[in-house]
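To convert, take the position in the sequence shown, counting from 1, and add 10; that gives the numbering used here.
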Amino acid sequence: MGTSFGRGGATDYQQDLQNSDCIVIMGSNMAENHPVGFQWVMEARERGAKLIHVDPRFTRTSAMATKFVGIRAGADIAFLGGIVNYILEGERWFDEYVKRYTNAPVIIEESFEDTEDLGGIFSGFDPEQKTYSNETWQYEGMEALGSGGAPPSGEQAGHGGGSKLLKGGEPPEEDPTLQHPRCVFQILKRHFARYTPEFVAESCGCTVEEFLYVAESLCEASGRDKTAAFVYAVGWTQHTTGVQIIRTASIIQLLLGNIGRPGGGIVALRGHASIQGSTDIPTLFNTLPGYLNMPHVDDPRPLHEWIERYRADAGWWGHMDAYMVSLLKAWWGAQATAKNEYCFSWLPRIDDDHSAYWTTQQMLEGKVKGEIVVGQNPAIGSANGRAQRLALAKLDWLVVRDLVEIETASFWYDSPEIESGELKPEEIATEVFFMPASTHLEKDGSFTNTQRLLQWHFKAVEPKDDCRSELWFYFHLGRMLKERVKGSTDPKDEPLQYLTWD
Numbered sequence: 011m012g013t014s015f016g017r018g019g020a021t022d023y024q025q026d027l028q029n030s031d032c033i034v035i036m037g038s039n040m041a042e043n044h045p046v047g048f049q050w051v052m053e054a055r056e057r058g059a060k061l062i063h064v065d066p067r068f069t070r071t072s073a074m075a076t077k078f079v080g081i082r083a084g085a086d087i088a089f090l091g092g093i094v095n096y097i098l099e100g101e102r103w104f105d106e107y108v109k110r111y112t113n114a115p116v117i118i119e120e121s122f123e124d125t126e127d128l129g130g131i132f133s134g135f136d137p138e139q140k141t142y143s144n145e146t147w148q149y150e151g152m153e154a155l156g157s158g159g160a161p162p163s164g165e166q167a168g169h170g171g172g173s174k175l176l177k178g179g180e181p182p183e184e185d186p187t188l189q190h191p192r193c194v195f196q197i198l199k200r201h202f203a204r205y206t207p208e209f210v211a212e213s214c215g216c217t218v219e220e221f222l223y224v225a226e227s228l229c230e231a232s233g234r235d236k237t238a239a240f241v242y243a244v245g246w247t248q249h250t251t252g253v254q255i256i257r258t259a260s261i262i263q264l265l266l267g268n269i270g271r272p273g274g275g276i277v278a279l280r281g282h283a284s285i286q287g288s289t290d291i292p293t294l295f296n297t298l299p300g301y302l303n304m305p306h307v308d309d310p311r312p313l314h315e316w317i318e319r320y321r322a323d324a325g326w327w328g329h330m331d332a333y334m335v336s337l338l339k340a341w342w343g344a345q346a347t348a349k350n351e352y353c354f355s356w357l358p359r360i361d362d363d364h365s366a367y368w369t370t371q372q373m374l375e376g377k378v379k380g381e382i383v384v385g386q387n388p389a390i391g392s393a394n395g396r397a398q399r400l401a402l403a404k405l406d407w408l409v410v411r412d413l414v415e416i417e418t419a420s421f422w423y424d425s426p427e428i429e430s431g432e433l434k435p436e437e438i439a440t441e442v443f444f445m446p447a448s449t450h451l452e453k454d455g456s457f458t459n460t461q462r463l464l465q466w467h468f469k470a471v472e473p474k475d476d477c478r479s480e481l482w483f484y485f486h487l488g489r490m491l492k493e494r495v496k497g498s499t500d501p502k503d504e505p506l507q508y509l510t511w512d
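Now the structure itself:
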């Protein structure tokens, strides 16, 4: 979502689903897991809209649908890729919308090679590092978005500015006829040509007729006077290929002209209260609060050059300089001045992936000393629970904050690996600190819901005994760390010393 639209959040709000002419739900059992929002889906159905549920399981959402299509688990990309091909081969795209509001006419670098050219991989692949360089993926004449390291990944990748103009300020070259062999549209057409209805049926386990019903329903419900919507939840985001699934759905909605119009869009249903809010704060490794890009260790540009490189040339992200300076002033106060670039050099630089599963792998290899677990339970809540628990056993220390002793806190004496003998408590060196947390009723704060509506709430009661909020915990942790480096003359301690932690 971030790559496609600049923000990793829903492009529409749930109430607007009542205006949709067709709603496709995938990766979600919305009727049971989001019943309040599902009322607007039922409003649309009562108005005559088609409701299609594509899922490996028949659930209550399926029972309420106009059509249920069962597919194999993990076959989502093949199914969605088939819809892209159906749109392109049948010339069903919204031509005016695609030419004016998407990058379909833009011409890509001549050095770009697709999977058909390289036997299943894109150009820029490093077989040793198993990562991609994005230098050949740019618009013709445009500088690559990063001078080093892999491009950001995940649903939130692509947040923020990211100028779409060339270095000299002129717009990239386009072919308004969409016929240039290197324009985005033609590259898309070649790439998805393999996803025929027969291929989809064979890959997904559905029938050709079922697939065609979904594809045609979407096309019929899209255009100048109609719109269709996609709804998904963690059934997509928690896939190892979740980014590609969501990206493919975004391509469909852009081709059909369903973004930014009543009843259209992609609604990302979150799996827990204020998950969208944690993104906005953010708790993401590769962005700063407000979706500002995190500087990379291989990009040593001074602040003014960094801003010019990454801010957009139109829209709200044209004010990226104001956003960044405001953040730096908030963190370092009077110490942040124009003379020292508002302490921009004090910001940490990312040097690798650092996402959750990458970190788990680093833990397994003994490269991580400690971990603080807040608001999640990776021992059973993340993919490959066995790997998660084995990784926890490699740590020197582990801090778990929760309402009750969760499986992540008790992995060292109560887990499948303990029962099987694969792990033994007396051989696990991880020191576990379990700290009681407070509930949302016991703390002030904000909630950002699925449709990105932010609401402030006040605590109803004081937390009991030693239970404390995350804000209390991190504030006092920061205060104690500041006290430790109070008299230090080491320059590396200055960012912490001058932090406005009042």
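Backbone N, C-alpha and C define an ideal beta-carbon position, used for all residues, glycine too.
Original post:
Under a three-way DSSP split, which group does Y142 fall into?
Top reply: If DSSP states are grouped into helix, strand and coil, Y142 belongs with the strands.
Original post:
Counting along the chain, where does the alpha helix (DSSP H) carrying Q254 start and finish?
Top reply: 252-265
Original post:
By Cβ distance below 6 Å, which residues in the same chain neighbour D22 in space, the five residues on each side in sequence not counted?
Top reply: Same-chain partners within the cutoff: G275, V277.
**OP:** From the DSSP output, in three-state form, read off H169 for me.
**Re:** Residue placement at H169 is poorly supported in this model, since its pLDDT is 47, which falls under 50; the coordinates are not used for a value here.
**OP:** Give a yes or no on contact between the segment 328-341 and the segment 277-286, applying the rule of three or more CB pairs nearer than 8 Å.
**Re:** no
Subject >> Assigned secondary structure, D22 (DSSP; H/G/I helix, E/B strand, else coil) >> reply: Here D22 carries a coil assignment [DSSP, helix/strand/coil].
Subject >> At least 3 beta-carbon pairs within less than 8 Å: the segment 395-405 vs the segment 430-440 >> reply: Yes: the two stretches touch, three or more of their Cβ pairs being nearer than 8 Å.
Original post:
Quick one, which of F202, E138, L27 has its alpha-carbon nearest E126's?
Top reply: F202
**OP:** Assign D26 to one of two classes, buried (16 or more other C-beta atoms within 10 Å of its C-beta) or exposed (fewer than that).
**Re:** Here D26 is buried: its Cβ has 16 or more other Cβ atoms, across all protein chains shown, within 10 Å.
Original post:
Is the Cβ-Cβ distance between I261 and V116 less than 8 Å?
Top reply: no
Subject >> Helix, strand or coil at C214 according to DSSP, with G and I counted as helix >> reply: helix
**OP:** Note down, in chain order, each residue of its chain lying with its Cβ closer than 6 Å to the Cβ of G178, except the 5 sequence neighbours on either side.
**Re:** Low local confidence applies: a pLDDT of 49 at G178 is under 50, so the model's placement there is unreliable, with the coordinate-based value given in what follows. Result list for G178: empty, nothing under 6 Å.
**OP:** Note the first and the last residue of the continuous beta strand (DSSP E) segment covering V244.
**Re:** Annotation: V244 is outside any beta strand (DSSP E); the continuous alpha helix (DSSP H) that includes it extends over 244-247.
**OP:** Check H467 in the structure and name its three-state DSSP category.
**Re:** strand
**OP:** For the beta strand (DSSP E) containing K60, list its first residue and its last residue.
**Re:** 60-65
**OP:** Using three-state DSSP, classify M11 as helix, strand or coil.
**Re:** coil
Original post:
Which residues does DSSP pair with T297 in a beta bridge?
Top reply: N303
**OP:** Assess, as a yes-or-no matter, whether the segment 53-60 is touched by the segment 292-299 under the definition of 3 or more beta carbon pairs within less than 8 Å.
**Re:** no
Original post:
What are the start and end residues of each continuous alpha helix (DSSP H) run of 4 or more residues lying completely inside the segment 333-402, in chain order?
Top reply: 366-374, 388-391, 395-402
Original post:
How big is the Cα-Cα spacing for A85 and T206?
Top reply: 14 Å
Original post:
Which same chain residues, not among the five before or five after L509, have their C-beta less than 8 Å away from its C-beta?
Top reply: W341, W342, G488, K492
Subject >> Contact under 8 Å by Cβ, L61 with T76 >> reply: Contact: yes.
Original post:
N394: buried (16+ other C-beta within 10 angstroms of its C-beta) or exposed?
Top reply: exposed
**OP:** Report yes if the CB atom of S38 is closer than 8 Å to the CB atom of A243, and no otherwise.
**Re:** yes
Subject >> F122 versus R257 - alpha carbon distance >> reply: 19 Å
Subject >> Length of the line joining the Cα atoms of I269 and Q263 >> reply: 6 Å
Original post:
Applying the criterion that 16 or more other CB atoms from any shown protein chain within 10 Å of the CB defines a buried residue, is Y423 buried or exposed?
Top reply: So Y423 ends up on the exposed side.
Subject >> K453 versus L374 - alpha carbon distance >> reply: 35 Å
Subject >> CB contact flag (C32, A59, <8 Å) >> reply: yes
**OP:** Compare the Cα-Cα distances from A397 to each of D290, A366, V414, D412 and report the closest residue.
**Re:** Minimum Cα-Cα distance from A397 among the listed residues D290, A366, V414, D412 corresponds to A366.
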